[in-house]
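Encoded as structure tokens, the structure appears first; notes follow it.
Residue numbers (this note's numbering): 3 to 343.
Take a look at the structure:
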């Protein structure tokens, strides 16, 4: 039987990647915030864009006009991106609160507190999963905010969990990848990564993790068996599934394409652009946030498509929704118009 081959694409950067799209791009609108604190992340739904601040402020901006919709003040910095599910937005603050707000109005639904949060929450059905600095993975009822269960690890959890076939996968600072049964709350298997792993991504019965030490691993999602590993003199980070490819980003300006069945390198691309945040990928196009610009690359031809000039230093990864790319430079949220979805 002939197996389909998909490609892994690896680009070097450190924060969570988000989807983006465009073949050409121009600024549709921009919204400048008066908050002097650094803006840390952005997420979007069909009608609103949400931006988190290190001051603890959460802003909701109308997606098509750039006008403010509502605001919410948390008790500490909002460092890790929020998750939106079923009309609610879930996010964590540095002082140990997990919040749930009505995503349309900003009204607080509930909050749940532990010692300190360290990752973005993930929602699966009626449960919110989040890792904490207190060495635990928590499962919280998404409607009530009540704790359902927790799973102890040996060190703090900085990564975000991934959910696949009722199994929760997460890496911890004890250099371990855990697979936890969401029903029984028991460990199914664990693997010592011998390095600090990214947040895992799960696709096609495989779990993919990038390491700061310069390796990428693929494991069998059921039993944790190592399928392959790839090494390079760079720091690889969070993998992402996009169409028929799995994407993972690392720490410099080189893009790697690996075969997903073997981990064999197919090609690499030097983007010639210095960047601090993760790019985004959609429809075989890479959107790379660099100082004062957003750059688009064609992953098939490996050529630069266009550059959209912006003002300032990028502070969020690009995110796409309904034909617009949203990205924050300094204290301004830009909406970049896409003409090809």
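The C-beta atom is built at its ideal place from N, Cα and C for all residues, glycine as well.
Please read all numbers here as calculations on a predicted model, not as lab measurements.
Quick check: what's the CA-CA separation for residue i versus residue j?
| i | j | result |
| --- | --- | --- |
| residue 85 | residue 176 | 26 Å |
| residue 40 | residue 115 | 24 Å |
| residue 330 | residue 313 | 10 Å |
| residue 48 | residue 328 | 12 Å |
| residue 217 | residue 235 | 9 Å |
| residue 299 | residue 140 | 39 Å |
| residue 61 | residue 174 | 30 Å |
| residue 171 | residue 333 | 35 Å |
| residue 198 | residue 268 | 25 Å |
| residue 53 | residue 43 | 6 Å |
| residue 307 | residue 270 | 17 Å |
| residue 183 | residue 150 | 14 Å |
| residue 35 | residue 265 | 44 Å |
| residue 316 | residue 135 | 27 Å |
| residue 107 | residue 214 | 39 Å |
| residue 30 | residue 336 | 8 Å |
| residue 294 | residue 88 | 35 Å |
| residue 105 | residue 70 | 13 Å |
| residue 68 | residue 189 | 45 Å |
Which two residues bound the contiguous beta strand (DSSP E) that contains residue i?
| i | result |
| --- | --- |
| residue 133 | 129-133 |
| residue 256 | 256-261 |
| residue 151 | 149-154 |
| residue 165 | 164-166 |
| residue 227 | Unbroken run through residue 227: none, as it is neither H nor E. |
| residue 99 | 99-104 |
| residue 126 | 124-126 |
| residue 70 | 70-75 |
| residue 183 | 178-183 |
| residue 63 | 59-64 |
| residue 93 | 90-94 |
| residue 319 | First-last for residue 319: undefined, no H or E at that position. |
| residue 268 | 267-272 |
Spatial neighbours of residue i within its chain, please: CB distance less than 7 Å, with the 5 preceding and 5 following residues excluded, ordered by chain position.
| i | result |
| --- | --- |
| residue 185 | 168 |
| residue 77 | 58, 95, 97 and 99 |
| residue 121 | 82, 132, 133, 159, 160, 161 and 162 |
| residue 103 | 74, 90, 91, 109, 110 and 111 |
| residue 230 | 220, 264 and 265 |
Who are the Cβ neighbours of residue i in its own chain at under 8 Å, not counting the five residues just before and after it?
| i | result |
| --- | --- |
| residue 138 | 116, 152, 153, 154, 155 and 159 |
| residue 28 | 310, 338 and 339 |
| residue 323 | 46, 47, 48, 51 and 65 |
| residue 113 | 99, 100, 101, 102 and 147 |
For residue i, I'd like the list of residues in its chain whose CB is within less than 6 Å of its CB, leaving aside the five on either flank, ordered along the chain.
| i | result |
| --- | --- |
| residue 126 | 165 |
| residue 130 | 92, 123, 142 and 144 |
| residue 37 | 55, 57 and 59 |
| residue 118 | 98 and 135 |
| residue 288 | 281, 299 and 301 |
So who's on the other strand from residue i, going by DSSP bridges?
| i | result |
| --- | --- |
| residue 338 | 29 and 327 |
| residue 283 | 288 |
| residue 309 | 297 |
| residue 115 | 99 |
| residue 2 | Any answer about residue 2 is impossible in this case: the structure gives the chain only from 3 up to 343. |
| residue 55 | 41 |
| residue 199 | 213 |
| residue 220 | 210 and 230 |
| residue 34 | 334 |
Closer than 8 Å is the cut-off here; do at least three beta carbon pairs connect the region 158-171 with the region 204-211? At 8 Å Cβ cutoff, the stretches touch.
Please confirm if the region 60-78 is in contact with the region 152-164, defined as three or more CB-CB distances below 8 Å between the two stretches. Output reads no: the region 152-164 does not touch the region 60-78.
So does the region 190-197 actually touch the region 224-240, counting three or more Cβ pairs closer than 8 Å? Three or more pairs of CB atoms, one per stretch, sit closer than 8 Å, so the region 190-197 contacts the region 224-240.
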